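Student: After the structure tokens below, expect a handful of questions from me.
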RNA sequence: GGGCGAUUAACUCAGUUGGUUCAGAGUGCCUCCUUUACACGGAGGAAGUCGGGGGUUCGAGUCCCUCAUUGCCCA
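Residue numbers (my numbering): 53 to 921.
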């Protein structure tokens, strides 16, 4: 049977994934082992996999697979989020294409369409995760609108209401005119845009005077109820008690004085539109101004505007400018850069708007949530996000939780007799409550609030509700799996989700929801832009997997992904991952191709095995250390170098029998053992390839996915350092071969003047890798030989060919200069009394050693130069 | 405008509590090599004033100040 030259992922990935599923390795039930739990950040139910998910889920899978190998009862809970706005927008869009308007449907009819859509498009993303190799416990798959999940959400809402933390009121909210719903502050994205600053002249009532204001939203003058200037602004003091007239509508409004106004900005005079600006709203409140709401929910002007009624606000902005100009009220227009809020989901320009909404007072929750992060009960990786988190927690505002949508959990508030309402888990309870107030209320009188809850109001319970910990707080699952271990997500949802889960954790479980939060970077494209659905600049991960293999893509993603750093994605990284797969494959192919016999074990092989055992142990140690610090790319790089450099380039090259010769059985058995350990280290990163080779090595029942994580053995530091020395000698020989154009096939002789004896005799390795006919020590300098130095030992390769004496001398002089410089630096240091007195003894002693070594080396080089010339 | 970071090789990043001539890794680049696991490979090599300036110290990539550039969060 011949093994193909390159690794082909297509032959292995589906096969092993099906096998793992069949064996139930991903499934977890509570047992006597310690649990290791991750809950997935639930992707949008109708979403498709993008690079951010790839990164995120690869990291989670790496953590889960390693935990499983380390003997934990590993449980990764998958699921999806109903994503109210995003999904509803998609459904509305789809219906519109079919000529159906949302308003033509009843709530139930619409929800039927929405569930159809969810059935059709939902879960695609989970199937895609399987291609990546994600070892989720699929039997636990949850959806934030599953009945039990929704029940938990409602229960929590009612509970918070009873605790007096939920209230209803008219407030200035962020209004998304496209989705026609309120949004939380977190859902508003501020972007800098080029806009225009309009300078508009208002007449002062009863005079010929005017006052000019500057605004970026001229259409809102229709809702003006005052003009405000700074009381310290001498330009306007004479306008006290005067009134201004709004152009076009000729409404008379007061001129008020408040220090809020920035005298430097624009003309120093500010128009006040309480209905459409949060700051104006507050001023309006303070001075009892009229609130004139000139916008409809869809962003067109309302009857209140009295002009341009029914036209979109942006159309009006253009038209009003023209009309103002005609009337001579437009003084000038300037180019202006300002920040404008956009809807996170629909990208529509947010309008501040007064509306009746439900709010959640979170202040009392923020205290424990902040404290336990700041004292590292919950650790953030990297810790720099603690600051951002603190800032948000310390300035926490009430959370607007109602959305004017249908897709989501309907708010369990029931109205009767107009504005009276009760909040209860179901209509029956609501009736009971209402009847306490008024016994004559009937079921038919109760009308449930039509709003739904913010999506995040369900996902903030996720780590609890997936284990049914809200409805059944003492069930076996939640006791076993909660708190979870690691949460891996992007920093963009630190407030949306992470912070709120922490709050929910302490409120509803009395403890943290997870011990560690690993915040990934954002995946960016080559131009540094954030990869997003809207931009369409994300490569299709499934295509990448087809091209490079899932393992290749996983490695590619992780190679450049230190926690918290943005990742400029480059397909070349996947290529590197693919090449790595192939390298491992070929190492296996080499070993598998050997003929094994009972011949004597070569000395070099014996030494190489000892060395590699030490090297492997040391590296496992380092890898474990990297994992514990959540430096996953570092752990991967450690594994990468162990395989490529140590195992392939050195170990295998040493033990490799000569062409056509067999390998001794001892070395073969040892080599297989080492390879198996390496495969285990690789498994979390490259699950498919490692499982495939694991089974090609031997026809066996056990799978690597559940094999034991390799233990750290004894590390012989001396041997490791001797081997480093040997590497340098080999490199010296190779350099000479290359410089002199000597074929590798041609055997060479090596002579050594050992000024410094090494402990382990690794000559056999030098002979093998240098292709030497002999190696021996000498005490005489050899003239007319190529030579090099390692530490203070001198190596000579006698050759018939001509030596370029001048070149040799030049090389030696260069080295001499360097060493002399080195000596000088040590001497200066040691000559400095303050250094000798102040530096720790160890440092001074070190410095003395360095000085002596340098002196010895200089002497040798000088003699060499003398001999040559 | 406020807050928090970042700035080290062409690129992406390491660099622990200041202490080896400590400036490092991977990729890329250059030269040579179809050699008997792998050209998705091997051997060798070049490459950085550690953003600028100042300070503390016997000693600064590492600590402090300042300026510049840049990213993120919040208003």
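No residue lacks a Cβ here, since even glycine has one placed at the ideal position from N, Cα and C. Because the structure is a prediction, the values reported are computed rather than measured.
1. First and last residue of the beta strand (DSSP E) that includes residue 227?
2. Using C-beta distances below 7 Å, list every residue in its chain close to residue 99, excluding the 5 sequence neighbours before and after it, in chain order.
3. Under three-state DSSP, which class holds residue 21?
4. Where does the unbroken alpha helix (DSSP H) through residue 139 begin, and where does it stop?
5. Relative to the C-alpha of residue 821, which candidate in 701, 840, 663 has its C-alpha closest?
6. Could you pull the DSSP bridge partners for residue 307 from this structure?
7. Mind pulling the alpha helix (DSSP H) runs of 4 or more residues that sit fully within the stretch 328-412?
8. Using the Cα positions of residue 418 and residue 426, report the straight-line distance between them to the nearest angstrom.
9. Terminal residues of the continuous alpha helix (DSSP H) containing residue 526?
10. Start and end of the alpha helix (DSSP H) containing residue 424?
11. Since residue 245 and residue 108 should fall inside the 8 Å C-beta cutoff, what is the C-beta to C-beta distance between them, to a whole number of angstroms?
12. Run through DSSP, which three-state label would residue 936 get?
13. Look up residue 570 in the DSSP assignment and give the residues it is bridged to.
14. For the stretch 154-237, list the alpha helix (DSSP H) runs that are entirely contained and at least 4 residues long, ordered along the chain.
15. If the criterion is Cβ atoms closer than 9 Å, does the pair residue 575 and residue 676 meet it?
16. Shortest alpha-carbon distance to residue 540 belongs to which of 78, 95, 60?
17. Can you give, in chain order, each stretch of the alpha helix (DSSP H) that sits fully within the stretch 593-650 and has at least 4 residues?
18. What is the C-beta distance between residue 133 and residue 196, in whole angstroms, given that I count them as a contact (C-beta under 8 Å)?
19. Taking residue 919 as part of the alpha helix (DSSP H), name the residues at either end of that continuous run.
20. For residue 64, which option in 744, 873, 279 has the closest C-alpha, if you only look at C-alpha atoms?
21. Verify whether the separation of the beta carbon atoms of residue 463 and residue 493 is less than 9 Å.
22. Hey, is residue 140 close to the ligand GTP, as in C-beta under 8 Å from one of its heavy atoms?
23. Taking residue 251 as part of the alpha helix (DSSP H), name the residues at either end of that continuous run.
24. Return the CA-CA distance between residue 184 and residue 602, expressed in angstroms with no decimal places.
25. If you run the structure through DSSP and keep just helix, strand and coil, what is residue 100?
26. How is the alpha helix (DSSP H) around residue 739 delimited, first residue to last?
27. Enumerate in chain order the residues of its own chain whose CB-to-CB distance from residue 974 is below 7 Å, with the five nearest sequence positions on each side excluded.
28. As a quick exercise: from 840, 542, 457, pick the residue whose alpha carbon is nearest that of residue 864.
29. What is the rounded straight-line gap between the Cα of residue 253 and the Cα of residue 292?
30. Grab me the residues of residue 60's own chain with a C-beta within less than 7 Å of its C-beta, minus the 5 sequence neighbours each way, in chain order.
31. Is it buried or exposed for residue 736, if we count other Cβ within 10 angstroms and need 16 for buried?
32. Using a Cβ distance threshold of 8 Å, determine whether the stretch 205-216 contacts the stretch 122-142, with at least three qualifying pairs required.
33. Sorted by chain position, which residues of the same chain lie with C-beta nearer than 6 Å to residue 465's C-beta, five sequence neighbours on each side aside?
34. Does the beta-carbon of residue 870 have 16 or more other beta-carbons within 10 angstroms, so that it is buried, or is it exposed?
35. Give a yes or no on whether the C-beta atoms belonging to residue 923 and residue 695 are separated by under 9 Å.
36. Does the beta-carbon of residue 272 have 16 or more other beta-carbons within 10 angstroms, so that it is buried, or is it exposed?
Tutor: Walking through what the data contain:
1. Taking the first chain and counting its residues from 1, the one referred to as residue 227 is at position 175. Run containing residue 227: 218-228, per the beta strand (DSSP E) assignment.
2. Translated into the one-based positions of the first chain, residue 99 becomes position 47. Correct list, in chain order: 177.
3. Because the chain spans 53 through 921 in this model, residue 21 falls outside it and cannot be assessed.
4. As a position in the first chain, residue 139 is number 87, starting the count at 1. For residue 139, the enclosing alpha helix (DSSP H) has its first and last residue at 136-149.
5. As a first step, residue 821 is located in the first chain; it is residue number 769 there, counting from the start. Ranking 701, 840, 663 by Cα distance to residue 821 puts 701 first.
6. As a first step, residue 307 is located in the first chain; it is residue number 255 there, counting from the start. Answer is 279.
7. For the stretch 328-412, the full-length alpha helix (DSSP H) segments reaching 4 residues or more read 330-339, 365-378 along the chain.
8. Start at 1 with the first residue of the first chain, and residue 418 comes out as number 366. Start at 1 with the first residue of the first chain, and residue 426 comes out as number 374. Going from the Cα of residue 418 to the Cα of residue 426 covers about 12 Å.
9. Counting from 1 along the first chain, the entry for residue 526 is found at position 474. That residue, residue 526, is in no alpha helix (DSSP H); it is neither H nor E in DSSP.
10. On the first chain, residue 424 is found 372 positions in, with the first residue counted as 1. Unbroken alpha helix (DSSP H) run through residue 424: 415-426.
11. Along the first chain, one-based indexing puts residue 245 at 193. Along the first chain, one-based indexing puts residue 108 at 56. No, residue 245 and residue 108 are not in contact; Cβ-Cβ is about 30 Å, not under 8 Å.
12. Because residue 936 is not part of the residues shown, which for the chain are 53 to 921, the question remains open.
13. As a first step, residue 570 must be located in the first chain, where it is residue number 518. Paired residues: 433, 540.
14. 159-173, 176-184, 199-214
15. Numbered from its first residue, the first chain carries residue 575 at position 523. Numbered from its first residue, the first chain carries residue 676 at position 624. Going by beta carbons, residue 575 and residue 676 fall outside the 9 Å limit.
16. The residue you call residue 540 lines up with position 488 of the first chain. Distance from the Cα of residue 540 is smallest, within the candidate group 78, 95, 60, for 95.
17. With a minimum length of 4 residues, the continuous alpha helix (DSSP H) runs that stay inside the stretch 593-650 are 593-600, 602-611, 623-644.
18. Counting from 1 along the first chain, the entry for residue 133 is found at position 81. Counting from 1 along the first chain, the entry for residue 196 is found at position 144. The pair is a contact, with the Cβ atoms about 5 Å apart (cut-off 8 Å).
19. Locating residue 919 in the first chain gives position 867, counting from the first residue. Unbroken alpha helix (DSSP H) run through residue 919: 893-920.
20. For this step, residue 64 is matched to residue 12 along the first chain. Of the listed residues, the one whose Cα sits closest to residue 64 is 744.
21. Taking the first chain and counting its residues from 1, the one referred to as residue 463 is at position 411. Taking the first chain and counting its residues from 1, the one referred to as residue 493 is at position 441. No, the pair does not count as a contact, with Cβ atoms beyond the cut-off.
22. The ligand GTP is not part of this structure, which contains no ligands at all.
23. For the purposes of this step, residue 251 is taken as residue 199 along the first chain, with counting starting at 1. Segment 240-256 is the beta strand (DSSP E) holding residue 251; no alpha helix (DSSP H) there.
24. Start at 1 with the first residue of the first chain, and residue 184 comes out as number 132. Start at 1 with the first residue of the first chain, and residue 602 comes out as number 550. The straight-line gap from Cα to Cα measures roughly 5 Å.
25. As a working note, residue 100 is residue 48 in the first chain. For residue 100, the secondary structure class from DSSP, reduced to helix, strand or coil, is coil.
26. Counted from its first residue, the first chain places residue 739 at position 687. Note, residue 739: alpha helix (DSSP H), 739-749.
27. With the chain covering only 53 through 921, there is no way to say anything about residue 974.
28. Here the question's residue 864 lines up with position 812 in the first chain. Out of 840, 542, 457, 840 has the C-alpha closest to the C-alpha of residue 864.
29. The count along the first chain starts at 1 and reaches residue 253 at position 201. The count along the first chain starts at 1 and reaches residue 292 at position 240. The alpha-carbon atoms of residue 253 and residue 292 are separated by roughly 18 Å.
30. On the first chain, position 8 is the one that residue 60 refers to. Contacts found: none.
31. Here the question's residue 736 lines up with position 684 in the first chain. Residue 736 is buried by the Cβ-count criterion.
32. no
33. As a working mapping, residue 465 is identified with position 413 in the first chain. Cβ within range, chain order: 473, 475, 501.
34. Mapped onto the first chain, residue 870 falls at position 818. The residue in question, residue 870, is exposed, as its Cβ has fewer than 16 Cβ neighbours within 10 Å.
35. A query on residue 923 cannot be resolved here, the shown segment of the chain reaching from 53 to 921 and no further.
36. Translated into the one-based positions of the first chain, residue 272 becomes position 220. Counting Cβ neighbours within 10 Å, residue 272 comes out buried, since at least 16 surround it.
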